[in-house]
Amino acid sequence: MTDRKSEFASAPLKTFGRRGGRPLSGRQKVLMDEALPRLQVPIVPGQHLDPKQVFPNLDEIWLEIGFGGGEHVSGQARKAPNAGILASEVFFEGIAKLLGQIEDQKLENVRVWPEDGRELVDGLQDASIDRAFILFPDPWPKARHQKRRIIQPDFLDALARVMKPGGRVRFATDVRSYADEALERFLAHPAFDWTATCADDWRNVPTDHVETRYQQKKLGDIDPVYYDFSIAQTA
Ligand SMILES: C[S@@+](CC[C@H](N)C(=O)[O-])C[C@H]1O[C@@H](n2cnc3c(N)ncnc32)[C@H](O)[C@@H]1O
7 MTDRKSEFAS APLKTFGRRG GRPLSGRQKV LMDEALPRLQ VPIVPGQHLD PKQVFPNLDE
67 IWLEIGFGGG EHVSGQARKA PNAGILASEV FFEGIAKLLG QIEDQKLENV RVWPEDGREL
127 VDGLQDASID RAFILFPDPW PKARHQKRRI IQPDFLDALA RVMKPGGRVR FATDVRSYAD
187 EALERFLAHP AFDWTATCAD DWRNVPTDHV ETRYQQKKLG DIDPVYYDFS IAQTA
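All residue numbers for the sequence shown refer to my numbering, where the first residue is 7 and numbers rise by one.
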């Protein structure tokens, strides 16, 4: 892994803060040097990967962007062994944590993209993802920073391209202004149909949710909301 420049033709704004934090432990360094090359999603710039090549024997392909400490990825990977999960994070310590969980729990259905998740999306084949999760993304609460939020119209176009018709997307946040803005953007996009039919559908914790570390910190200004969308069959 390198700190290379973005592969985007015109580099979009960064949606994340820092990539480095505390120095990695000895084990974490070994995981980054030895496990990551084996477990990295094989995206090639300028090409579209069919993720079925990575998981030929699994029924579904899932995607998570901004996995933080990886608890949701590894939790879902244990609960859904027939789903192959492509997981993206840029924070080195978080990447190393998920690699540790993959090794310790002997998870065979997770691959890691240790760079901007938008590059991962851009590198995937059309209609190749069954389920996507964007959970408690960086909220960028200050008005002048909100353009850094990952839920932007062009990102939703990119996400819609790689989702299978009938696929599902979950977005969660505990920041009111982000909840409002993201919902407005998803609803304005023709590919995403909000599946909620009553308030309990978005304010109750989904039965298949795995609580995340960031969520436990309760840094937001509202209780978490969980917006589930299905992908329109015509998308
Ligand atoms: C607020 S944290 C939440 C982490 C995790 N989802 C959780 O709930 O614990 C958001 C994470 O998204 C990561 N992130 C932000 N933009 C990203 C991007 N474009 N691609 C991959 N990861 C990103 C950040 O590094 C950060 O770890």
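Here a beta-carbon is modelled for each residue, glycine too, at the ideal position from N, C-alpha and C.
Using the beta-carbon count (16 or more within 10 Å), is residue i buried or exposed?
| i | result |
| --- | --- |
| Asp-56 | exposed |
| Val-116 | buried |
| Pro-230 | buried |
| His-78 | buried |
| His-151 | exposed |
| Leu-225 | exposed |
| Leu-19 | exposed |
Which residue comes first and which comes last in the beta strand (DSSP E) that contains residue i?
| i | result |
| --- | --- |
| Trp-208 | Here Trp-208 belongs to no beta strand (DSSP E); instead the alpha helix (DSSP H) covers 206 to 209. |
| Arg-176 | 169 to 179 |
| Ser-236 | 231 to 237 |
| Leu-92 | 89 to 94 |
| Leu-69 | 66 to 71 |
Got a sec? Which residues, its chain only, sit under 6 angstroms from residue i by beta carbon, not counting five neighbours each side?
| i | result |
| --- | --- |
| Phe-198 | Phe-192, Phe-235 |
| Gly-76 | Lys-103, Leu-104, Gln-107 |
| Lys-99 | According to the sequence provided, residue 99 is Glu. The question's Lys does not apply to it. Same-chain partners within the cutoff: Gly-27. |
| Val-174 | Per the sequence shown, the amino acid found at residue 174 is Arg instead of Val. Excluding residues within five positions, the ones whose Cβ falls inside 6 angstroms are Arg-137, Ser-236. |
| Leu-247 | Residue numbering for the chain in the displayed model covers 7 to 241; residue 247 lies beyond these limits and cannot be assessed. |
Between which two residues does the alpha helix (DSSP H) carrying residue i extend?
| i | result |
| --- | --- |
| Glu-187 | 182 to 194 |
| Phe-198 | Element bounds for Phe-198: not the alpha helix (DSSP H) but the beta strand (DSSP E), 198 to 200. |
| Ser-42 | The identity of residue 42 in the sequence shown is Leu, whereas the question assumes Ser. Counting along the chain, the alpha helix (DSSP H) containing Leu-42 begins and ends at 42 to 45. |
| Ala-83 | 77 to 85 |
| Asp-110 | 98 to 110 |
| Gly-32 | 32 to 36 |
| Arg-219 | 219 to 222 |
With a threshold of 8 angstroms on Cβ separation, who are the neighbours of residue i within its own chain once the five nearest residues in sequence on each side are excluded?
| i | result |
| --- | --- |
| Leu-113 | Ser-80, Ala-83, Arg-84, Gln-107 |
| Asp-207 | Thr-201, Asp-234 |
| Glu-109 | Leu-37, Ala-41 |
Grab me the residues of residue i's own chain with a C-beta within less than 7 angstroms of its C-beta, minus the 5 sequence neighbours each way, in chain order.
| i | result |
| --- | --- |
| Leu-64 | Asn-88, Ala-89, Gly-90, Asn-115 |
Subject >> Any beta strand (DSSP E) of 3 or more consecutive residues that is wholly inside the segment 112 to 155 >> reply: Listed in chain order, they are 116 to 119, 135 to 141.
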